[in-house]
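*Asks:* In our numbering, the protein residues as written are 3 to 133.
Where is the CB? At the ideal position from N, CA and C, for every residue including glycine.
Sharing a structure with you now.
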Amino acid sequence: MIAIDTNLLVRHLTQDDPAQSAKVAKLLAGAASNGELVLLTDIVLCETAWVLTRFYEVKRTDLLTALGLVLADVQFAFQHRPEVEAALRANRAGRGHFADHLISALARAAGCHTTYTFEKGLGAASGFTLL
Numbered sequence: 003m004i005a006i007d008t009n010l011l012v013r014h015l016t017q018d019d020p021a022q023s024a025k026v027a028k029l030l031a032g033a034a035s036n037g038e039l040v041l042l043t044d045i046v047l048c049e050t051a052w053v054l055t056r057f058y059e060v061k062r063t064d065l066l067t068a069l070g071l072v073l074a075d076v077q078f079a080f081q082h083r084p085e086v087e088a089a090l091r092a093n094r095a096g097r098g099h100f101a102d103h104l105i106s107a108l109a110r111a112a113g114c115h116t117t118y119t120f121e122k123g124l125g126a127a128s129g130f131t132l133l
C-alpha cells in the first residue's frame, strides 16, 4: 500500500495542472498494476474538501459527488471507511462541512454520544450539541 497527500488527490480530481496530473495518473496506474491500494487518510480527505470549496469554489453538491466517487473507487483505501461513509451521508442530509461530519462520525466511533460545537448550523444535526 502507498499513500498520497492532499496535493496529489486534488490534482487527480481537478486535472488542472497537466504535468502534475500526468504524474499522479502514472503513480496510480503503477500502484494498480502492482496490486497496491492507495491510502487516503482522514486528514487528506478533509484538506481536499477544504481546498476544493475554498480555492476551486466547488459547490457542495459537486464536492460530495466527487468524494462519493473517490469512496467508490476500489483503488483507494481509507483510514476510517465507515466513518467517511457516515460523514458523507450526514453531509448530504444536513448542513455544515464534510470535516465537521467526519469529526462527529469519528467521535461516535470512539464512544462519544455527542460533539459540542459553536457552529449554529450544526446544532440541529445528528451527533452535535450547540454550546
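Less than 7 Å separating the Cβ of phenylalanine 80 from some heavy atom of the ligand SAH?
*Replies:* With respect to the ligand SAH, the structure shown offers nothing to examine, as it has no ligands at all.
*Asks:* So, does the segment 46-61 touch the segment 7-15, judging by three or more C-beta pairs under 8 Å?
*Replies:* Cβ pair count under 8 Å is three or more, so yes.
*Asks:* If I measure Cβ to Cβ from valine 60 and keep anything under 6 Å in the same chain, skipping five residues before and after, which residues do I get?
*Replies:* On the sequence shown, position 58 is the one that residue 60 refers to. The answer, listed in chain order, is Leu54.
*Asks:* Tell me whether isoleucine 105 is buried or exposed, calling it buried when 16 or more other Cβ atoms sit within 10 Å of its Cβ.
*Replies:* As a working note, residue 105 is residue 103 in the sequence shown. With 16 or more Cβ atoms within 10 Å of its Cβ, isoleucine 105 is classed as buried.
*Asks:* To the nearest angstrom, how far is it from the Cα of leucine 108 to the Cα of lysine 25?
*Replies:* As a first step, residue 108 is located in the sequence shown; it is residue number 106 there, counting from the start. As a first step, residue 25 is located in the sequence shown; it is residue number 23 there, counting from the start. Distance between the alpha carbons of leucine 108 and lysine 25: 32 Å.
*Asks:* Could you please give me the residues that DSSP links to tyrosine 118 through a beta bridge?
*Replies:* Residue 118 sits at position 116 when you count from the first residue of the sequence shown. DSSP output for tyrosine 118 lists Thr131 as bridge partner(s).
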